[in-house]
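Residue numbers (the working numbering): -1 to 224.
Cβ coordinates follow ideal geometry from the N, Cα and C atoms, glycine included.
Working notes, beginning with the structure itself.
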């Protein structure tokens, strides 16, 4: 009886101590995740194509004599998401014809021809591309114009919608002083509202949204806060 009990205990101990079988050797090491792997950015940090990227192309590229639907210089037109998306490579900010032309160091080959994009504009394009160059459309439900400053709201609107032409063509809109002077001495507000008797801005494009126009008006009402 003692011998049987001892035998059973020994078998149980061996079973309990049995190692898991070794994994097969020479298993390939998984490849590292590429740095350009698509990500799902937070919604509040996502670049909106319709309110940020398309207006930037409208101002800098898709105008008469360049890459609009009529001229189509060199066979390119940038008036729609599809046409723009075809010339960029998602997650690769240094690839694609658009980004290579924008970052060209030779001023005779660089685009846009009127002058280079600002670092903030290039950074916005890179952010959009790094998020997958998505056709994300935004329609803000609110328009916060309680306090409007040049640094927070006006500069961004001008940069995206106006500087493609007015970084080098009058009225110049490169900084606070120039934008303030243009509003005070000209018809900038009437132009962005596409009113009769003035040159509509952005040129050959739809008018700015109600919110953006109201932001300009509130900036004037609040005495051009810097």
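- For residue 91, the three-state secondary structure derived from DSSP is coil.
- In this structure, the beta-carbon distance from residue 121 to residue 86 does not fall below 7 Å.
- A check of alpha carbon separations from residue 135 across 98, 147 and 48 identifies 48 as the nearest.
- Annotation for residue 48: no alpha helix (DSSP H) segment contains it, and DSSP assigns it neither H nor E.
- Boundaries of the alpha helix (DSSP H) around residue 214: 208 to 219.
- With three or more CB-CB distances shorter than 8 Å, the stretch 195 to 213 counts as touching the stretch 137 to 156.
- In this structure, the beta-carbon distance from residue 84 to residue 75 does not fall below 7 Å.
- Around the Cβ of residue 94, a 10 Å sphere holds 16 or more other Cβ atoms; the residue is buried.
- With a beta-carbon spacing of about 5 Å, residue 158 and residue 54 fall inside the 8 Å limit used to define contacts.
- Here residue 199 carries a coil assignment [DSSP, helix/strand/coil].
- With a cutoff of 7 Å on beta-carbon distance, residue 188 and residue 196 are scored as near each other.
- Distance between residue 125 and residue 88, taken at the CA atoms: about 10 Å.
- In the structure shown, the three-state DSSP call for residue 102 is coil.
- Taking the Cα positions, residue 117 is about 15 Å away from residue 96.
- In the structure shown, residue 128 falls within a helical segment according to DSSP collapsed to helix, strand and coil.
- Beyond the five residues adjoining it in sequence on each side, residue 170 comes within less than 8 Å, by CB distance, of 164, 176 and 180 in the same chain, given in chain order.
- Residue 115 sits close to residue 100, with the two beta carbons spaced by under 7 Å.
- About 4 Å separates the Cβ atoms of residue 143 and residue 216, confirming a contact at the 8 Å cut-off.
- In the three-state scheme derived from DSSP, where H, G and I count as helix and E and B as strand, residue 184 is classed as coil.
- Non-local beta-carbon contacts of residue 105 in its own chain, meaning distances under 7 Å to residues more than five positions away in sequence, are absent.
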